[in-house]
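In my numbering, the protein residues as written are 10 to 480.
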Ligand SMILES: Cc1cc2nc3c(=O)[nH]c(=O)nc-3n(C[C@H](O)[C@H](O)[C@H](O)COP(=O)(O)OP(=O)(O)OC[C@H]3O[C@@H](n4cnc5c(N)ncnc54)[C@H](O)[C@@H]3O)c2cc1C
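Laid out in structure tokens, this is it:
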């Protein structure tokens, strides 16, 4: 081969290598839709359904192998006023707003509370019309008003009918498809970059995009920045909740609203699921002590408020004390797994756990005298029917803080349009659910059922708004 031919061949090789490299960096076009929704939890499915019902073509991108997010893992409680299941209950939109506001010390945005409260009953009726089976109402949080409706099959009982409805309306659900960025054309959001299950880059063109990607529990950098109080704590949230939507919106100039809170919960150390029988032991109304051996709270306190006290204790650790009077077999399995300790005296139990022995012994003496008197003079817990702690063996079950979600998100208006730093909507970009919940909360979660309600109600608004924008 002469020198000139070699030169031409190597030049062609370089050109084709450059072409291959630039092609692999370019996203393959995966389709063009009126609305692309990122995330398949309560908010994303609600948005997809409303957008499709408004006549839009819709693609829903879900990065996990199945839709559902935190919603499908949830207890399936939805908080509402004015639904057809609440007939006969004395309640009003104003009362619900007052309750939510009170639990936030008035530091959340009243317009958001009012909007969700006002539409909450309608959202429940919408679920019922989709054959979601709800029971109740019951109480939730610290309000005695009957507002909590519970799916008979927990989170799945909400997600499955919504998914079926979305599919029946022609929504294309792409699982194992992770959105990686937003396409901005001349200042308007006009598509989503994504990656399929094999890591292939895809581009979905869109008339409008809805972010519904949930919270950021699993993103340590965002936790450090927006919710440092819970950095490093266990989370029970969906495995896909890395704050992707929040980061993508920020790249487009979106503002973020954060008061630093989380949906505070608790767990038995070492338990992966909050529904395991060992974890369920934490709901018994028995005595909790800190490492000083002291009680620190009425053990029946609403869980987000309990969390606030738990994280103030030494090492953010508490132990639940059981004995022969409160024994259940599950405790022995907890001992085998290392999440509980067993001893024949309180002193030995203290040595095993690191609890202060003198503190524990004097707390137990005082607690038993309160049980005898029937009055919890320290924290006001109702003691009727509760046993004394005086029957070896003694058990200590280790309790740590855990979270169910985050309470900061991209700034939106009541139409769920994402707002930039000067409160102007970013054209074509909508957000709903945990990814956009910052204005709704202060630092403490108000009542079980609030987040799914807020996610559904704003998800519906986002879907309708995105469909109208795309037309
Ligand atoms: C164990 C548990 C119990 C709970 N119980 C209740 C309850 O009973 N009542 C209540 O009101 N609240 C409850 N909550 C809180 C509530 O479930 C959530 O706050 C709410 O469901 C959030 O809905 P969402 O649609 O915003 O997010 P999610 O339901 O979390 O959905 C977000 C989805 O987006 C996907 N996603 C994320 N990033 C991407 C990406 N880049 N590309 C594509 N997809 C992406 C995720 O995989 C996920 O499927 C509970 C939470 C937990 C963890």
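The beta carbon of each residue, even a glycine, is placed where N, CA and C say it ideally should be.
Same chain, Cβ closer than 8 Å to residue 291, neighbours up to 5 away in sequence not counted: If we look at residue 291 and ignore the five residues flanking it on each side, its Cβ neighbours are 275, 276, 277, 329, 406 and 408.
Note down the Cα distance separating residue 112 from residue 150, rounded to an integer number of angstroms. In a straight line, the C-alpha of residue 112 is about 9 Å away from that of residue 150.
Taking the Cβ atom as the reference point for each residue, do residue 377 and residue 397 lie within a distance shorter than 8 Å? The Cβ atoms of residue 377 and residue 397 sit closer than 8 Å to each other.
Just to confirm before moving on: does the CB-CB distance between residue 266 and residue 447 stay below 8 Å? In this structure, residue 447 lies closer than 8 Å to residue 266 by Cβ.
So is residue 121 buried or exposed if we call it buried at 16+ other beta carbons inside 10 Å? Under this definition residue 121 is a buried residue.
Excluding the 5 residues flanking residue 232 on each side, which residues of the same chain have their C-beta closer than 6 Å to its C-beta? Excluding sequence positions up to five before and after residue 232, its CB lies within less than 6 Å of the CB of 240, all in the same chain and listed in chain order.
Residue 460: beta carbon under 7 Å from a heavy atom of ligand 1? Indeed, a heavy atom of ligand 1 lies less than 7 Å from the Cβ.
Within a Cβ cutoff of 6 Å, which residues of the same chain sit near residue 481, ignoring the five residues on either side of it in sequence? Within the shown structure, residues of the chain are numbered from 10 to 480, placing residue 481 beyond reach of any answer.
Mind checking whether residue 437 and residue 188 have CB atoms under 8 Å apart? In this structure, the beta-carbon distance from residue 437 to residue 188 does not fall below 8 Å.
Does the beta-carbon of residue 392, which I'm using as the reference point, lie nearer than 7 Å to any heavy atom of ligand 1? Result no, Cβ not under 7 Å from ligand 1.
Could you give the DSSP three-state label for residue 263: helix, strand or coil? Taken through DSSP and simplified to helix, strand or coil, residue 263 comes out as strand.
Sequence-distant residues of the same chain with beta carbon closer than 8 Å to residue 176, five excluded per side: 182.
Limits of the beta strand (DSSP E) - the one that residue 202 falls within: Unbroken beta strand (DSSP E) run through residue 202: 197-204.
Kindly give me the distance between the Cβ atoms of residue 435 and residue 263, rounded to whole angstroms, as I take these residues to be in contact under 8 Å. 6 Å between Cβ atoms; contact.
Proximal residues to residue 252 (C-beta, below 6 Å), its chain only, five neighbours per side dropped: Closer than 6 Å at the Cβ level, and outside the excluded window around residue 252, lie 225, 228 and 231.
Own chain, CB closer than 6 Å to residue 471, minus 5 neighbours either side, in chain order: If we look at residue 471 and ignore the five residues flanking it on each side, its Cβ neighbours are 56, 219, 425, 439 and 441.
Grab the span of the alpha helix (DSSP H) containing residue 316 for me, first residue to last. Run containing residue 316: 312-319, per the alpha helix (DSSP H) assignment.
Roughly how many angstroms lie between the CA atoms of residue 304 and residue 280, to the nearest whole one? The straight-line gap from Cα to Cα measures roughly 23 Å.
Validate contact between the stretch 242-252 and the stretch 91-104 using beta carbons, cut 8 Å, 3 pairs: Fewer than three Cβ pairs drawn from the stretch 242-252 and the stretch 91-104 lie within less than 8 Å of each other, which leaves the two stretches out of contact.
Should residue 273 and residue 86 be called a contact, given that it needs their Cβ atoms to be closer than 8 Å? Their beta carbons are not under 8 Å apart, which means residue 273 does not touch residue 86 by this criterion.
Under 8 Å between the Cβ atoms of residue 88 and residue 456? The answer is yes: Cβ separation under 8 Å.
6 Å Cβ shell around residue 348 - same chain, five flanking residues per side excluded: The answer, listed in chain order, is 277, 278, 279 and 407.
Enumerate, from N- to C-terminal direction, the unbroken alpha helix (DSSP H) stretches of 4 or more residues contained entirely within the stretch 42-78. Entirely contained in the stretch 42-78, the alpha helix (DSSP H) runs reaching 4 residues are, in chain order, 51-62.
With DSSP as the reference, label residue 427 as helix, strand or coil. Residue 427 falls in the strand class under three-state DSSP.
Comparing alpha-carbon positions, which option in 296, 415 and 333 lies nearest residue 380? Cα-wise, what sits closest to residue 380 is 296.
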